[in-house]
Every structure is written in structure tokens, then in C-alpha cells.
Amino acid sequence: MSGVRVRFAPSPTGELHIGGARTALFNYLFARSAGGDLVLRIDDTYLERSRSDYIEKLITSLRWLGLEWDEGPYYQSNRLAEYTREAERLLADNKAYRCYCSAEVLADGRSEARQENRAYLYPGTCRNLNEDQEEAFRKAGINPVIRLLTPDQGVTMVQDQIRAEVSFENAYLDDFIIIKSNGLPTYNFASIVDDLQMGITDVIRAEEHLSNTPRQQLCANALGYDLPRFAHVPMILAPDRSKLSKRHGATSVEEFYAEGFLPEALVNYMALLGWSPGAGGEEEIFTLDEMVKRFDLNKVTKTAAIYDVTKLGWMNGHYMREYDLDKLTEIAVPFFEQKDLVKSPLTENDFNYLKQIIATVRERVKTLAELADASAYFYHDRFEYDEKGISKHFSKDNTADYLLRVAEELQKLEPYDKESIEALYKSISENLGVSTGRLIHPTRLALTGRTAGPGLFEIMTLLGRERTVERLKKAAQYILNN
Ligand code: GLU
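Note that numbering that gives the first Met the number 0 has the sequence shown beginning at 0, numbered continuously upward.
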């Protein structure tokens, strides 16, 4: 396949959602795997709802995901003259006509249809106006819309790359509006005019647009262009098969970023929403390059994909553990800053310290935000002791004494390193005739406020002797006071 040209055409009316991002990704994979081009087009003709800050955010999100495009962004708002020109051509060829029906008349028709329980179809009132009638309307100052003249019979067949043939009865497609009375094109018209003029070979987009495709095909036929191929990718639903929404947690790329997901993990996860590389189907971890090599539109499913945040979290954790440590530390800095744990720019020492913390803590967390949360005790001791931990580990007899004993011995320990600390715990517990657990559990609670976490002796070396001893004494005091 050569000469492939696809486009991603978001509307800047909101943040880039996981569905839109997945459409962008499939276009990207399709273009790259065919050695073709990806065009970025901003569908901003819906002027009242389009916002320039959303455009910026869209672009930032796409870049963050690593989905680079080859051309664009093109803006539909810059191409209004093209839509007018193509519509004029259709008028001249009698393939479209001006309609002067008032909003009231149309509304009446609609409510009548509703009462009769049928879908409203424009009845073609203005199909055959003569010059005099049009002149009279114009004189009355009525701004017409332009409608496409559509066939009343037969079917319009959509050859979908994913769904095979989908046919639409022309009797249910009315003479729809292509240019509104304010002179702006409708989505259907602008979209297909762009696709045709820009030489798009494959339109890959969300399933919700499948019902628009017959209308766009009718436009293309009327304009005398060859059709692009169409592929409609399945919806993404929540685990309960409802529409994905705010109540299912993060859904926009920006939110995923803010929660500390890695772009590589999000891309990998999104690719598997509706696509599986086949052959075994067991593998799940792919780099973008590997996905490009294996992507095949024929392996995209027709059925809805289910968004599973647990799996995304698992995948993100996996990527965090595999990530280059320096790189991970760099992108983690803002998350630590947000929690007032570090301050940019970090000194080399601070950076290296953070790096060691991350190396230890990343084994057990799923996101960068969790990473910062789970690392807070390395930076300050303003934490409360876990309630259950208190009753389990602090309330046993002699615990305060044990902690003070450990603190005392730690002060003299040479060298203060993991191995020596471990040996010390062993010898003290033997000496006291208790299990090492009797020392280790309260120590962990004293140092971190938590009952679980990374290796305790690692934590102790990272905290350093002074802070460790201080926190042990503080915990002993707490136990004695309570
Ligand atoms: N602007 C439309 C959307 O965001 C594009 C649909 C299409 O790809 O044609 O849904």
C-alpha cells in the first residue's frame, strides 16, 4: 500500500478524550505502517463552541503521546471559501438547491413527525423553486440554506474496512443541509470536502460517525470525486458498558497526564482498545515502533472495547519499572514539586537523592502521583501513624524500649549501611530473645507511618542515620505517651 494519506480531525470543543486519542493513534499506526502521511485537521467550523485554548491543548496532548503528524494543522475556518466554492458548483450542476423554509415551518414539520411517531425528513419543499420565487425570497431578505439533492430511492452502500458492507436506505436520507444560512458549512459537507480536496485515502474515525458516511458519500458523488475508504473504529465503553464519562475517573489525555500516567503506557493501552496483534494474543506490551510494524486494520474489532482502569494502572506500573531511571526522575519532578517535596531546579545532590528514592519506591506504585505520595516520608516526618499499625505494632509490650535500644545501637553503628543495619537487627533480636519482626514492624511504622513499603533497610539508609534515630525516638515517645 503506498500513497496512503489519513487525517485526524478533532473538533476543538473540549479536551482530547481517550476515544479521540485512540482514533489519532490508529490513524498514526495506519499511516506509519503503510509509509503514508498523517494530516492534522482542526474541525473548527462550529464557531460558537470552538476555542483556541482547546486547540493548544489538543496539540500538546498529541505531542505528549508522541503522535507526530506530517502535515497541518489545517483549520477548517481558513477554508470557508472552498466549501462555498464547492457548494456553488453543486448549485450550478443542479445537484444542490437553496432552501428558504423558515425555522417555524421546519419546526412544525418536526413536531408533526414526532406526533406521528416517525423520523422527520425534510420534504423537499424548495426542490423546484423557479427564478422568480427565489427572487421574491431574496427580496424579502431571507438567507437560504443550501441542501444536497439526494435520491429518494435505492440504497447508499458504505464499504467499511472494519464492518464490511453497511447499507443505508436513501428513503431515510433527506435533502440535508450542506451550507447553513450563516454561510458556514455543516460538519458533513466540510469534512468530506476536506477529505476529497486533501486527497485523503482512508478515513479512520469513531463509530459514531458511521451514520454520517452515506451523506458524505452522496456529497462526494455529487462533487464528482472518487470515494476514500472508510473505517469506523469501535466505541470505548465503561466496564458496565455505559458511555464512558467523568464518573469513571480520568478520561482525557490531560487528566491522565495529571494523574501521572506515562505516555508510552497510555499509548500501549489505547492500542489494545479494539485492536489485538493476533497470533497468540498473549503479548500486551508494545513500543510504538513495534505497534507500527504489526498494526493491521483488519484486526480491529467491530465490538465495543471496554475501558479497564485497573489494567491501565498495571500497564503504567510496568512501564514505570522498566523506564530509564534518569528519565523517570526528570518527569517525576513536577509531581514531587506539587506535593512540596522538592523544588525546581534541583541540585545534583537533590536529583540523585530523588533518583535513589524512585528506584526503591517505583517497584510498588502505578502512577507518578502515587510515586510522590508514597515517597513523602523521605522528605518530612509530618505523617500520622497508620491506625491499624498502631494497634498491631506499637501496642505490644516493650515496643518503646525496643525502639530506643535500636536507636541507641544505630548511633554507634559503623558503617551505617544496609548490610550492617540488617546484621544489627539480627543481633539485637537474638539478644532480646524476640523475632526480628518484633523490631522491624514497629520500625517501619516509626519511620514511614505505614505498615508496608519498600525494603526497610533500604529506607533506613536513604533516610540516613540522623533522621532514622530521631524518628525512632519520636515513636518511642509517642508509645509511652499513649
Ligand atoms: N470533528 C469530528 C469529530 O471530532 C471529526 C469526525 C471525522 O473524523 O470525520 O468527531
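Glycine is no exception: its CB is placed at the ideal position from the N, C-alpha and C atoms.
For residue 70, the enclosing beta strand (DSSP E) starts and ends at 70–74.
Rounded to whole angstroms, the separation of the alpha carbons of residue 157 and residue 105 is 29 Å. In the structure shown, residue 369 falls within a helical segment according to DSSP collapsed to helix, strand and coil. Spatial neighbours of residue 424 in its own chain (CB-CB distance under 7 Å, excluding positions within 5 residues in sequence) are listed in chain order as 435, 438 and 439. Shortest gap from the CB of residue 204 to any heavy atom of ligand 1: under 7 Å. For residue 218, the enclosing alpha helix (DSSP H) starts and ends at 212–222.
Under the three-state reduction of DSSP output, residue 275 falls in the coil class, being neither helix nor strand. In this structure, residue 208 has its CB closer than 7 Å to one or more heavy atoms of ligand 1.
Between residue 98 and residue 143, the CB-CB gap stays under 8 Å.
Considering only 466, 7 and 57, the residue with the shortest C-alpha distance to residue 251 is 57. Assignment of residue 147 by DSSP, reduced to helix, strand and coil, places it in the strand class. Taking a cut-off of 8 Å for Cβ pairs, the region 294–313 and the region 340–352 do not touch, as fewer than three such pairs fall below it.
Here residue 242 is bridged, per DSSP, to 236. Residue 231 sits away from residue 258, with the two beta carbons spaced by 8 Å or more. Taking a contact as a CB-CB distance under 8 Å, the pair residue 455 and residue 356 does not count as one, their CB atoms being some 14 Å apart. By the beta-carbon neighbour count (other beta carbons within 10 angstroms, threshold 16), residue 284 is exposed.
Within the model, the alpha-carbon separation for residue 415 versus residue 457 is close to 11 Å. Listed in chain order, the alpha helix (DSSP H) elements of length 4 or more contained wholly in the region 243–322 are 252–257, 262–270, 287–293 and 308–321. The straight-line gap separating the alpha-carbon atoms of residue 61 and residue 67 is approximately 7 Å. Taking the Cβ atoms as the reference, residue 203 lies roughly 7 Å from residue 22, within the contact range of under 8 Å. Taking 7 Å as the cut-off, the C-beta of residue 8 counts as close to a heavy atom of ligand 1.
Assignment of residue 152 by DSSP, reduced to helix, strand and coil, places it in the coil class. Assigned with DSSP and collapsed to three states, residue 25 falls in helix. Cβ contact annotation for residue 391 (same chain, cutoff 8 Å, sequence separation greater than five): 440 and 450, in chain order. In the displayed model, residue 167 falls within a strand according to three-state DSSP.
Residue 190 has its CB nearer than 7 Å to a heavy atom of ligand 1. Assigned with DSSP and collapsed to three states, residue 178 falls in strand. By alpha-carbon distance to residue 147, the top candidate from 163, 123 and 167 is 123.
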